[in-house]
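Protein chains in written order, with this note's numbering: chain A, 1 to 227; chain B, 1 to 461.
Worksheet: one structure, shown below.
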């Protein structure tokens, strides 16, 4: 995260490859389910044995004896509807919820986040010299309407995408944050409104950032978890 | 001192060896033992050729035969691992091959070997014993012939002939960086013996065979699981962690990679050969042939098959996607996730209106081309939606339908046991517009989720 600060985001998870190296983020939407982005995974039926999800710790590379750390193997990957670029990861066992591990709410189906809603992104990705690169960093971003976003991005934003407003100082997601949450505060609850997708430039000044709009895929998420 | 007795054995996981005619194996040894103790017991017995290790009882059963013995067969049994002495299993030799106990019985010129116990057509002085392994008419080297195992031939005109069994280091050559090497060399270039991949001593390491099933980290053979310059292994010498193995380079032309792409990448992008040369966030990549700002071992000349040209994004090490060293000193590597993944979806046929809840066509495959399961079937998946529950939906055969009005279109249960359901290879009809979501507003209610202790946000650790 560029322009963020070390912070607490108990639903943000680190996805680790077989060498234990963090490569993408994700969000805990149910004790045994994490949502992330398709671009982080080689295929929809890839062998994820020995990949794991790490949660409960603020450290990018916690010590093996970190009492808060939970490391849960990934059991299964399910690809989302074609245009969504989302994936659901089923964990080998449920995460234990506590002060440092919490579920994030899913929005109502087809819910549109009002403009200026306060949101935040979180991740263990590149910091560009800001924040603290050994810790989870969090940055605040306000929602921008699709109409205004389209004016800035020449009509390229789809309904299935969600924008945040450009800030003067560069704030945004970067390498290693992809798949992580855009969490917005609604009625005192944090809701997963967007998923960070790979973008060409980290925290480009005066340009909106674009996320996958989760509310369009809530029916799919619930169906996968139910079935 | 740190050599494991298991080094003399090849392991077959979840396997039991059964003999149909020979006298039964010894009883399972009741005394709990670990695999190394079992190997030690088998090694000292001349008539022990293999052993089962029973994971439930932590005990072993010594066996006087191997899977190459007559009238034996192997079967899957998750409770057992089968360890067989390498000398009996390998079809290549080490040094002069005096320990070779394989079952080749023809010479290099194709002549059949004479039984060692017979003196005809050629009389000779060798008497079979358990120690010299002169059994049947198998090639052996009882006199330490430097040309390796040999035998007397059934041709009266040719008394004996070498069997031409190759040395293990020559039997399989190395292509590219040897990531596909599956040969049987178990010593390093300095002659040190390799440590088994399934052991963590003398060197602790991350390459557990079960974590890397596609790398075939068998026994203690040289392998290249980490995209090094060539096959290597951890050594049994506590003072030397790992070393490369001396193997023959293939002289034949390297095969063309089948899955090369230029505008998108497939799987992990190891075959990506396009010209994108910036990271996802737009940082220019460092040239592969440069060592600044980042020093690295991915020199183009050492990785001839990886196409490390210019500063293009590549995946020479099996990472998650094409990547590069960046030109920023503070950022060593970064993925090039902005390169699109090649679509793995099949061509669609037909279209549906709305959500496709009225679709009554006969398409019966998913977007990935997997055949749909019949709605009335109960395997490979037990459906939660059946024709009886939705008679109006006409859930016939295995045709794509949308009985639950899924907003992403018609779907089906699939015949792939690992994919319960998926969307079908049908597209939304052109001009069929779904209502925009951007004008509606919902009343929002949430339950337990989305709460966090805000004090932690402020509290340092």
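Ideal Cβ placement from N, Cα and C applies to all residues, glycine included.
Got a sec? Which residues, its chain only, sit under 6 Å from residue 345/B by beta carbon, not counting five neighbours each side? 367
CA-to-CA distance, residue 239/B to residue 177/A, given in whole angstroms: 40 Å
Continuous alpha helix (DSSP H) assignments of at least 4 residues falling wholly in the stretch 247-330 of chain B: none
Spatial distance of residue 1/B from residue 192/B (CA atoms): Residue placement at residue 1/B cannot be trusted, given a pLDDT of 49 that sits under 50; what the coordinates show is reported in the next sentence. One C-alpha to the other measures close to 13 Å.
If I measure Cβ to Cβ from residue 144/B and keep anything under 8 Å in the same chain, skipping five residues before and after, which residues do I get? 96 and 98
Can you tell me whether residue 19/A is buried or exposed? The criterion is at least 16 other CB atoms within 10 Å of its CB, across all chains shown. exposed
Give the residues from the stretch 177-197 of chain A that approach chain B closer than 7 Å (Cβ to any Cβ), ordered along the chain. 178, 186, 187, 189, 190 and 191
Report the neighbours of residue 81/A on chain B: residues whose CB is nearer than 7 Å to its CB, in chain order. 408 and 423
Extract the residue ranges of the beta strand (DSSP E) inside the stretch 401-452 of chain B, only unbroken runs of 3 or more that lie entirely within it. 411-413 and 421-423
Are residue 7/A and residue 122/A touching if we call contact CB-CB under 9 Å? yes
What first and last residue would you give for the alpha helix (DSSP H) that runs through residue 88/B? 86-89
What is the rounded straight-line gap between the Cα of residue 39/B and the Cα of residue 246/B? 28 Å
Minimum C-alpha distance to residue 90/B - residue among 76/B, 71/B and 139/B: 139/B
Nearest to residue 218/A by alpha carbon, out of 108/A, 199/A and 28/A? 108/A
Quick one: does residue 438/B have its CB under 9 Å from some CB of chain A? yes
Step through the CB atoms of chain A and report whether any lies within less than 9 Å of the CB of residue 453/B. yes
Reduced DSSP secondary structure (H/G/I, E/B, other) of residue 15/A: strand
Burial state of residue 448/B, where buried means 16 or more other Cβ atoms lie within 10 Å: exposed
Which residues share a DSSP beta bridge with residue 244/B? 232/B
What are the residues of the stretch 335-354 of chain B that lie near chain A, defined by any Cβ-Cβ distance shorter than 8 Å? 335, 337, 338, 341, 344 and 345
By how many angstroms is the C-alpha of residue 207/B removed from the C-alpha of residue 236/B? 16 Å
Chain-order list of residues whose beta-carbon lies under 7 Å from that of residue 77/A (same chain, five-residue window excluded): 41, 44, 46, 48, 87 and 89
Whole angstroms is fine: what's the gap from residue 161/B's alpha carbon to residue 244/B's? 35 Å
For a contact meaning CB atoms closer than 9 Å, what does residue 154/A contact in chain E? Given the protein chain composition of this structure (A and B), no chain E is represented.
Cutoff 9 Å: residue 76/A Cβ touching any chain B Cβ: yes
Closer than 9 Å between beta carbons: that is the criterion. Which residues of the stretch 362-373 of chain B meet it against chain A? 367 and 368
With a threshold of 8 Å on Cβ separation, who are the neighbours of residue 250/B within its own chain once the five nearest residues in sequence on each side are excluded? 173, 174 and 175
Using a C-beta cutoff of 9 Å, does residue 548/B count as contacting chain A? Because chain B here runs from 1 to 461, residue 548/B falls outside it and cannot be looked at.
Buried or exposed (CB count within 10 angstroms, at least 16 for buried), residue 23/A: buried
In chain order, what are the residue ranges of uninterrupted alpha helix (DSSP H) at least 4 long that sit wholly in the stretch 134-210 of chain B? 168-171
Can you check which of these residues, 5/A, 71/A, 91/A and 205/A, is closest to residue 152/A by C-alpha distance? 205/A
With C-beta atoms as the reference, is residue 14/A less than 9 Å away from residue 110/A? no
Measuring only between beta-carbons, confirm whether residue 212/B sits less than 9 Å from chain A. yes
Less than 9 Å between the beta carbons of residue 175/A and residue 325/B, yes or no? no
I'd like the span of the alpha helix (DSSP H) that includes residue 105/A, first residue to last. Taken as a continuous stretch (DSSP letters only), residue 105/A belongs to no alpha helix (DSSP H), as it is neither H nor E.
Consider the Cβ of residue 298/B: report whether some Cβ of chain A lies at a distance smaller than 9 Å. no
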